[in-house]
Structures are given as structure tokens and as C-alpha cells.
Amino acid sequence: MGILEYTDAHHDYRKRLRLFLEKEVTPHADQWERDHIVPKSAWKKMGAAGFLCTWVDKAYGGPGLDFLYSVITTEEMMKTRQTGMATSLHCDIVVPYLSSFGNEEIKQRYLPGCVSGDIITAVAMTEPGAGSDVASMETTAVEDGDEIVINGSKTFISNGINCDLVIIAAKDPAIENKHAAVSLYIVDDGTPGFTRGRHLEKMGMHSQDTAELFFSNCRIPKKNILGKKGDGFIMLMQKLQQERLVAAISNVSGSEVLLEKVIAYAKTTEIDGKPLSKRQSIKFTLAEMATDVRMNRVFLDNLIKGHMAGEDVIAETMMAKYVSSEMINLMADRALDLFGEYGMLEDNPLVQDFRDMRIVTIFAGTTEIMKTIIAQSLGL
Ligand SMILES: Cc1cc2nc3c(=O)[nH]c(=O)nc-3n(C[C@H](O)[C@H](O)[C@H](O)COP(=O)(O)OP(=O)(O)OC[C@H]3O[C@@H](n4cnc5c(N)ncnc54)[C@H](O)[C@@H]3O)c2cc1C
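The sequence shown begins at 127 in my numbering and counts up one residue at a time.
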């Protein structure tokens with residue numbers, strides 16, 4: 127038995143999801159890359175088929191399944207080779223804020239739509255001058271009677287164009303302590319004063335819409351605060367373990383797919399009448415890749431197990447996020463070398479992998495920030 131205990135029901139879910147993605151996602155992935163966006167209708171189809179937010183309780187429209195279903199969804203989405211539909215961000219990073227910190231009214235209001243795909247979510251922390259150091263944010267939220275007035279801007283927000291709801295971190299300028307000043311608020315699409323800026327052109331993940339968001343005297347009702355005022359920074363920190371675990375799951379799964387592709391290529395491509403895979407240097411490269419991938423997989427599956435058991439595996443999760451991000455980048459780079467001149471051609475799918483994977487050492491916390499947290503766990 128493997129480290130994770132997948133049941134027949136999990137295997138069946140994976141099979142159904144794979145079929146769905148083959149039919150509804152893969153045939154459109156290239157067009158979405160060209161369009162630089164995934165249509166909202168694709169999200170709704172995925173929701174209607176039961177593949178979004180599978181952990182949400184039945185009381186709020188979900189099937190109430192365990193985290194392994196989220197793992198399967200992240201893995202299978204990665205295998206589609208399309209990185210535009212940020213379902214893991216929606217299902218396993220943003221919506222958990224609503225579920226964990228929202229009151230009953232908020233859960234009733236939003237969770238069913240998040241499950242059905244009618245509501246696409248985003249989380250907005252980063253600002254032009256506040257990335258790794260989130261607490262340096264400038265965006266303000268000031269109470270005015272029954273309302274909260276938000277002013278400021280956010281940038282590099284995934285699902286920024288498509289989102290129907292954004293969870294925004296903003297500070298009360300009257301509070302001096304920069305951590306205690308931060309709260310989280312829900313802003314609905316269409317709220318006066320909330321506008322989109324540029325749809326950012328990235329070097330990779332073209333179909334993933336990443337945007338600037340602007341808030342100009344944006345008034346939201348007081349009931350749109352998530353959790354307690356001043357707890358925003360603590361809530362963000364509490365959710366980091368799962369956010370970075372999801373990033374690691376995606377990286378390891380992506381690396382497994384890359385490995386399969388390069389092995390297949392090395393076996394079927396001949397140079398001087400001999401398959402690449404028969405040359406010692408290539409065999410060693412592939413053996414090194416396979417070793418990295420396997421070791422990451424074992425470490426990751428143990429982490430998933432610990433996470434599901436409610437253990438504090440924060441330092442180990444930072445390790446997994448950092449190592450798997452570096453691994454997939456190195457693998458994508460070496461894969462291009464193996465393809466030689468064909469590794470330079472736009473229609474080589476590995477070129478997209480190479481571009482798409484470059485981001486993973488940066489978002490969801492940079493490699494340096496992962497190392498900083500690991501060092502803290504060592505008392506350094
Ligand atoms: C495609 C994409 C999607 C994104 N999606 C979202 C999103 O949905 N929501 C959101 O809020 N944000 C999002 N981000 C922003 C992302 O979270 C930030 O890019 C990330 O946190 C790093 O911040 P930064 O880019 O400002 O880098 P900086 O913090 O400016 O860092 C620059 C460099 O300095 C290093 N550095 C910074 N601080 C330290 C330190 N203390 N010690 C050592 N080195 C340090 C960093 O590692 C990095 O190498 C996204 C970014 C991208 C590119």
C-alpha cells in the first residue's frame with residue numbers, strides 16, 4: 127500500500143475527472159493560451175460536473191469529501207498541461223478562507239456558488255510595494271457608519287479578471303502595529319469603486335488571468351469583513367500551510383508528467399542509429415530526474431498525510447514547496463536540452479512547460495522566503 131490511502135471511490139473520481147478534462151479542457155487549452163483567459167463557462171462546466179470545492183459541506187452545496195479529492199484534482203489539472211484554470215487556487219486556497227473564517231451568513235451566501243462555478247474567487251494581498259513583506263501594504267480600509275471604505279491597489283492577482291469575489295487584505299491606518307492593522311474583506315464584482323487595471327502579460331501561464339485591481343472609495347457593507355477585525359495577518363499565516371502544500375502537489379505532479387515525456391522522447395529518438403536513451407550520459411540524466419521526482423513524491427505524500435491528520439507540518443511544507451519548485455524548473459530546463467534544437471520550437475509542448483514553470487519559485491512565497499521560514503523553525 128502507498129503512503130496515502132486512496133479508496134475505490136477516490137480512483138473512480140480520478141477516472142471521471144480525467145475523462146471530463148480530456149473532453150472539456152484539453153481540446154480548448156491552446157485556444158485559451160492564445161486568448162490569455164479561460165472562459166467562465168469552463169468553470170461552470172467543471173462545477174456542474176462536481177469537480178470544484180469537493181471538500182465543502184453538504185449544507186453549503188458541496189459533497190463534503192476529504193482532502194485527497196483536492197489532491198487528485200490538483201494532480202489531474204497539472205497533467206492536462208493547461209495552467210490557466212486556477213482551480214486549486216479557488217478550491218483549496220481562497221474558498222477555505224470563506225469556510226474557516228466566514229460567519230454562517232457568509233457561508234450560505236457564497237459557498238454554493240463557489241462549488242457550482244458561478245462564483246470564481248481571488249485573494250489579493252500583493253501590492254506594487256508589498257510582496258514578500260505583505261504587512262507593508264498601503265491599501266486602507268476605514269469604517270464609516272455601516273460601511274467600510276477601501277482605497278488602494280493590488281497587483282499580480284490570479285483570477286483577477288475572471289473573479290466574481292475577491293478577498294482583499296487591507297489595513298486600518300489608525301493602527302500603528304502593521305500586523306495588527308490588517309483585516310480581510312470580501313469585495314464582490316460590480317461593487318462601485320472596484321475596477322480592474324491591466325491584464326498582465328506574463329512570460330508563461332498565458333491563459334491564467336493575472337491582473338491589477340483598484341479600489342477607489344470602494345464601499346462595502348460591514349458584514350463583508352472576514353473573521354475578526356485585526357486578525358487578517360493571523361488568518362493569512364494560518365492558511366499558508368495548505369497554500370504551499372497545494373503548490374508542492376502541483377510541482378511534483380508536473381515533474382512526474384515531465385519525466386514521462388522526456389523518457390518517451392529519449393526512447394524514441396535516435397542519433398547515429400542509437401536511441402538517446404541508450405547513451406550513458408542521457409541515462410544518468412534521466413536517472414537523476416527520476417530520483418529527484420521519487421524522493422519528492424515520498425516526502426510530499428507523507429506531508430499530505432500529516433496535513434490531513436491536522437499536524438503542524440509548516441516547516442516541512444516550506445521545504446517541499448521550495449525543493450519541488452526548484453526541481454521542476456531544473457527538469458524543464460534539462461528537458462529542453464534533451465530535445466536539442468527541437469527544444470527551441472514554439473510548437474514543442476515542453477517550451478510551454480519551461481515558461482509556465484518559471485513562476486513557481488516566485489508565487490505562493492519565493493524560495494528565499496521558504497528558506498527564511500525553515501531557518502526560523504531551526505531557531506535561527
Ligand atoms: C503569476 C503570478 C501570480 C500571482 N498571484 C497572486 C495572487 O493571486 N494574489 C496575491 O496576493 N499575490 C499574487 N502574486 C504575487 C506573489 O505572491 C509575489 O510575487 C510573491 O509573494 C513575491 O513578492 P514580490 O514579487 O513582490 O517579490 P519581492 O518581495 O519584492 O522579492 C524580490 C526578491 O527579494 C527576495 N526577498 C524578499 N524578501 C526577502 C527576505 N526577507 N529575505 C531574503 N530574500 C528576500 C525574494 O525572494 C525575491 O527574490 C502572484 C505573482 C505572480 C508572478
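Where a beta carbon is used, it is the ideal one built from N, C-alpha and C, also for glycine.
Residue of K354, I440, P318 minimising C-alpha distance to T498:
Checking every option, the nearest Cα to that of T498 belongs to I440.
In whole angstroms, what is the alpha-carbon distance linking A373 and M329?
Inter-residue distance for A373 and M329 is about 19 angstroms (C-alpha atoms, whole angstroms).
Beta-carbon separation (whole angstroms), I408 vs L464, contact threshold 8 angstroms:
Contact flag correct, Cβ pair sits at about 7 angstroms.
E386 to T209, Cα distance in whole Å?
If you take the alpha carbons of E386 and T209, they lie about 18 angstroms apart.
Judging by CA-CA distance, which residue of M496, I389, I500 is the nearest neighbour of S258?
Just measuring C-alpha positions, the residue of M496, I389, I500 sitting nearest S258 is M496.
State yes or no: is the C-beta of G323 within less than 8 angstroms of the C-beta of E338?
Yes, the pair counts as a contact, with Cβ atoms nearer than the cut-off.
D314 bridges to which residues according to DSSP?
Answer by DSSP bridge pairing, in chain order: L291.
Whole angstroms are fine: how far does the CA of E273 sit from the CA of P347?
About 5 angstroms.
Taking the C-alpha atoms as reference points, what is the distance between P238 and N455?
One C-alpha to the other measures close to 37 angstroms.
Is the CB-CB distance between L130 and K447 below 8 angstroms?
At the C-beta level, L130 and K447 stay beyond 8 angstroms of one another.
When you compare the CB positions of V249 and N377, do they come within less than 8 angstroms of one another, or not?
No. Outside cutoff.
Between Y311 and G380, what straight-line distance do the alpha-carbon atoms span, to the nearest angstrom?
Distance between the alpha carbons of Y311 and G380: 33 angstroms.
Alpha helix (DSSP H) containing E201: first to last residue?
Secondary structure note for E201: its alpha helix (DSSP H) is the uninterrupted segment 193-205.
On a CA-only basis, which of K170, K280, F177 is nearest T336? Give me that one, please.
Here the closest residue by C-alpha is K280.
If you draw a straight line from the C-alpha of I246 to the C-alpha of C289, how long is it?
Cα-Cα distance, rounded: 5 angstroms.
Assuming S333 and H216 form a contact by the criterion Cβ under 8 angstroms, report the distance between their Cβ atoms to the nearest whole angstrom.
Approximately 15 angstroms separates the beta-carbon atoms of S333 and H216; this is outside 8 angstroms, ruling out the contact.
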